[in-house]
Amino acid sequence: DLQEAILYIKDGPDIHPKTRLEDMNIIKDIVKKCGMKMKIVSPPKDDKEDHEKIKDVTKRLPAKPEFLKQRPPVVTVMGHVDHGKTTLLDSLRHTSVAQSEAGGITQHIGAFTVELENGEKVTFLDTPGHAAFSAMRARGANITDIIVLVVAADDGVMEQTKEVVKLSKTYNVPVIVAINKIDKPDADPEKTKRELGHAGINLEGHGGETQFVLISAKEGTNLQELAETVSTQATLMGLKSDYTGPIEGVVVESTNDSKRGKLSTAIITRGTLRRGAVLVAGHAWAKVRALFNHAGYPLEKAEPGTPVEILGWRELPLAGDEILEVESEKRAHSVLHYRHLQAQHEKAEADFEVIRVKQMEHDEKYKAERDARRKIGRFKVRRVGPRPKEYIDDDSVPRVNVIIKADVHGSCEAILDVLDTYHDNDKVRLDIVHYGIGDVTESDMELAKLFNAVIYAFSVNSTKIALPKNVKIHQIDIIYRLVEHLKEEINAKLPMLD
Ligand code: GDP
């Protein structure tokens, strides 16, 4: 009943490569003959020594407080569908590009920074929705410091609003509420506030501490106030980073630009990134050739909390990958080699687990088969072919007559072996009147009629010919099912048997 064979190759000093190849070919041949698919798996390599030599790059120890400086907060905009997340981000992005330099282009690179009148900055991740937030979290990237929860004042608290509240509590990320669409005639901010209270968000002035701002994302009303409120919250949180030493950061987005090449947007979390730095992220590495801001202008350097587009990747890293700086290209290569080995090792472990489970399933099935066999193991089997007429007419001992047709010689032998293990019994007799390889034929039917025999078709076709009256065919794919059927047949013949 197997459909897939997994060939697990164990390497060892005592196995000559040639022998292994020969063995493998023999096994491949058998598997092919059985019509199964084959998957070859290598065991998890135990090259701890190699790993020791190359090793991954690790993050630095936390910086001493005297090295820490204030940094911009990183904000994710979330909320129910159609409540205005995209419109809010678009309006803020336009403001930020207009601020950054005259003639800048409004482009989506995954994040941008808004500057306040007092010179402070707020960084917004440019992918709305909690799917993006959860995806980053799932990859271990916790870059969101504050969530801006957008709630449309005409619609109030909805399903996804509640989900965001739950998410913020789970991850302990503070929320600032933006009550949006206040320009609409049917907007009801007071009702929205009450609903927020019921959803577990207690607003400032309503018995709680959560800040809120009434905005119109579409008309640009109170967007600066929103950014200022975020900034105040950030100051309260005392968000600080170490601006010196090797770089640490997180990939926010990656693109393959037809003109500029492989680009990724990152948020630096530690150190000050400059051209020439060698970075690794996931399974990619870069020698930084150029840095750009969100308006497309080249930068000299990128500091913590600000988004930066990095040019110079050899492969593209994935969103959520952690960026770490290494001292040389050579070191970048060895780190990636280590990670590659590590990934292979993990895959092999997972494959091995599959094999273990299959082995267990197989063992259980084998046990069930053996038990079934033991239960009816007291009937005599004779493999003698068709009997003379007088024998057929001899009714003194009840008999079950059987015809076996199988797809290959191997399975036919296996079935006969199973039936052969039955012991003598003078109350009933199990006779195999015919057996053979191939589909069920007219002559099999004739024999079945003549001997009142049951035909067991093991993985062969029995549908090509018409089934005569009184002839039973059982289509079997698993040997122990045959045993079960046989037991039923016998019980039917001998109701007094237990
Ligand atoms: P998202 O699904 O949360 O990203 O929502 P969108 O930003 O796509 O907005 C959904 C709809 O609401 C669009 O038709 C927007 O034009 C509209 N919208 C968003 N903000 C406002 C607003 O402040 N006032 C009004 N009147 N409409 C808005």
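28 is the number of the first residue of the sequence shown in the working numbering; add one for each residue after it.
Note that CB positions come from ideal geometry on N, CA and C, so glycine has one too.
When DSSP states are grouped into helix, strand and coil, L318 belongs to the strand group. A straight-line Cα-Cα distance of about 7 Å links K520 and P425.
With respect to the C-alpha of P155, the residue from V315, V279, D182 having the closest C-alpha is V279. Going by C-alpha positions, G332 is about 10 Å away from V102.
Per the DSSP secondary-structure output, Q187 pairs with nothing in a beta bridge. Between the C-alpha atoms of D458 and D390 there is a straight-line separation of about 30 Å.
Set against 6 Å, the gap from the CB of H110 to the closest heavy atom of the ligand GDP is smaller.
Set against 6 Å, the gap from the CB of D284 to the closest heavy atom of the ligand GDP is not smaller. With distances taken between CA atoms, T140 lies nearest to T292 out of N207, G111, I53, T292.
Counting only runs that start and end inside the region 139-182, the beta strand (DSSP E) elements of at least 3 residues fall at 148-152, 173-179. Contact between the region 247-260 and the region 214-223 is absent: fewer than 3 CB-CB pairs across the two stretches fall below 8 Å. Each residue's CA atom was taken as its position, placing V353 and E190 some 39 Å apart. Taking the Cβ of K211 as the reference point, at least one heavy atom of the ligand GDP falls within a distance shorter than 6 Å. Under DSSP, K267 shares a beta bridge with Q97.
A475 sits in a helix when the DSSP states are folded into three classes. Contact annotation: G298 and A168 have beta-carbon atoms that are not nearer than 7 Å. About 5 Å separates the CB atoms of G339 and K314; that is less than 8 Å, so the two are in contact. Taking a contact as a CB-CB distance under 8 Å, the pair R302 and A317 counts as one, their CB atoms being some 7 Å apart.
Not a single heavy atom of the ligand GDP lies less than 6 Å from the C-beta of N145.
For the 7 Å CB-CB criterion, V192 and I242 do not form a contact. Distance from the C-beta of K208 to the nearest heavy atom of the ligand GDP is below 6 Å.
In its chain, beyond the 5 residues on either side, P413, I430, V460, H461, A480 have a beta carbon closer than 8 Å to the beta carbon of L474. When distances are taken from the beta-carbon of A244 to the heavy atoms of the ligand GDP, the shortest one is below 6 Å.
Relative to the ligand GDP, the beta carbon of T114 is positioned inside 6 Å of a heavy atom. Put simply, the region 182-189 touches the region 107-114. At least three CB pairs are less than 8 Å apart. In the three-state DSSP reduction, H461 falls in the strand class (E or B). Membership of P334 in the beta strand (DSSP E) is indicated by the continuous run 334-340. Separation of the CB atoms of N497 and K476 is rounded to 7 Å, and the pair is thereby assigned contact status at 8 Å.
For D56, the number of other beta carbons within 10 angstroms of its own is below 16, and it is reported as exposed.
Taking the Cβ atoms as the reference, L266 lies roughly 6 Å from R98, within the contact range of under 8 Å. Within the same chain, and ignoring the five residues on either side of G247 in sequence, the residues whose Cβ sits closer than 7 Å to its Cβ are S118. I464 places its beta carbon 7 Å or farther from that of A484.
Contact check for S268 and T296: beta-carbon distance about 6 Å, within the 8 Å limit, so the pair qualifies. If you draw a 10 Å sphere on the C-beta of I173, you find 16 or more other C-beta atoms in it, and that means buried. For D284, DSSP records a beta bridge to G288.
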